[in-house]
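So the protein sequences, as listed, match chains L and F.
So the first sequence is numbered by the working numbering: it starts at 1 and just counts up by one.
So the second sequence is numbered by the working numbering: it starts at 1 and just counts up by one.
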Amino acid sequence: MSDVSYNTDIREHEAGFGDYFALLKPRVMSLVVFTALVGLLAAPVPVHPMIGFCAILFIAIGGGASGALNMWWDADIDRVMKRTRNRPIPAGKVEAGEALALGLALSGFSVVMLGLATNIFAGAFLAFTIFFYVVIYSMWLKRSTPQNIVIGGAAGAFPPVIGWIAATGGMAVEPWLMFALIFMWTPPHFWSLALFMRSDYDDAGVPMLTVTHGRRATRVHILVYTVLLAALSLGAAFSGIGGPIYLTVAAVMNLLFLRGAVRIWRRDERTAEADDFAVEKGFFKLSLLYLFLHFGAILAEALLKPYGLGGWG
Amino acid sequence: MSLKRTHELHQRRFSRNLGLGLILAAFVAIVFGLTMAKISNGDFSAPYAPAQANQEGQ
């Protein structure tokens, strides 16, 4: 065999380990890990640390798998959008088929392993979440309705419910409150991004609310969802996951968030362009802190409960 | 003739192989850890041995 034949199947940009890891959307995974962990620890059933660790790991891998499948399906629009142009497939580092294979393999692996490590119900629910995100959201609704973000938000909201089921083996109201919190938070979070990443979704032909109903309607939608979110967030303070710490955090964060939403609603495009969407960008950053602190407060209440400090006593 | 110089490509392949190797090692450790946790958690009970069952019956 000559050296020439040795080189025939070499691609110009052969993928490294990091390129495959990037397919799993590590930043989204961190949100999945955090919210699933809160769901698991807020559950009233103590979990063995090793089993808890494995449950979170397999939920994270399941989230990563759906990220890889989403990148496989959306490779065409990722090529067009500035924000996603450097993802491994459009950048030419990984073949689309490889992303599909990795996504499918990790989906099966994570579902089976979560089922074995905790309970069948948790595994089945993870399978449903992956199906929901990949088939219902990515393949079907993302490109066909301007409510895509609202529905896509549901997929991102399932991890705390899976965490809770992994611990308890059953359902309750509390994990669904955590679900509702992420579900209602997603639209204002993403629509504020769509306001300042203006041309991206237009170019890709994704029916984002800013494209189909206009930017004025998007500003109104952000305000409406923020008001509904505030009501939900404050209401949750008096449930099993709430307590004085949560109530304090929710009161402060909702006040700031509502203030931001009102400011977005009152601005017109000329004012926004004049300061390069400073308010919209600030609102987007605040939304990240909003969710982090809410779940942090739920976690604090849960961890303090054994010492008689968390919750309403 | 063999290739002796390390190309950037070889480094990428090495990173992939090393990554996969570490993941497989971690998987073995996780399955072991899970097994130990399940056994010590009381979820797992060994089936009755016939001799033991007879003794209990007496």
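Where a beta carbon is used, it is the ideal one built from N, C-alpha and C, also for glycine.
| Item | Value |
| --- | --- |
| So, at 7 Å on beta carbons, what are the nonlocal neighbours of residue 254(L) in its own chain, with the 5 sequence-adjacent residues on each side left out? | 230, 233 and 234 |
| In whole angstroms, what is the alpha-carbon distance linking residue 2(L) and residue 8(F)? | Caution is warranted here: a pLDDT of 45 is assigned to residue 2(L), below 50, making its placement in the model unreliable, and the coordinate value is therefore given only provisionally. Rounded to the nearest angstrom, the two C-alpha atoms are 21 Å apart. |
| Using the C-alpha atoms, what's the distance from residue 119(L) back to residue 76(L)? | 38 Å |
| At what residue ranges does the segment 198–278 of chain L contain a whole run of the beta strand (DSSP E), taking only runs of 3 or more? | none |
| What would DSSP say about residue 21(L), mapped onto helix, strand or coil? | helix |
| Quick check: the segment 21–33 of chain L against the segment 119–139 of chain L, are there 3 or more CB pairs under 8 Å? | no |
| So which of 224(L), 226(L), 225(L) and 193(L) has the shortest CA-CA distance to residue 210(L)? | 193(L) |
| Applying the 10 Å Cβ sphere with the 16-neighbour rule, what's the burial state of residue 17(F)? | exposed |
| Who are the neighbours of residue 25(F) on chain L, taking C-beta pairs under 9 Å? | Simply none; closest approach about 14 Å. |
| Within 10 angstroms of the Cβ of residue 86(L), are there 16 or more other Cβ atoms? Answer buried if so, exposed if not. | exposed |
| Which chain L residues sit within Cβ distance under 7 Å of residue 21(F)? | Those within 7 Å of residue 21(F) in chain L number zero; the least Cβ separation is about 10 Å. |
| Figure out for me which residue from 221(L), 201(L) and 159(L) has the closest Cα to the Cα of residue 295(L). | 159(L) |
| Between the Cα of residue 59(L) and the Cα atoms of 45(L), 104(L) and 129(L), which residue gives the shortest distance? | 129(L) |
| Determine whether the Cβ of residue 5(F) lies closer than 7 Å to any Cβ atom of chain L. | no |
| May I have the straight-line CA-CA distance separating residue 202(L) from residue 244(L), to the nearest angstrom? | 44 Å |
| Can residue 190(L) and residue 151(L) be called in contact, C-beta distance under 7 Å? | no |
| Using a C-beta to C-beta distance shorter than 9 Å, which residues of chain F count as neighbours of residue 121(L)? | Near residue 121(L) there are no residues of chain F at all, since even the closest Cβ is about 15 Å away, more than 9 Å. |
| How many whole angstroms separate the CB atoms of residue 228(L) and residue 184(L), which I take to be in contact at a CB cut-off of 8 Å? | 6 Å |
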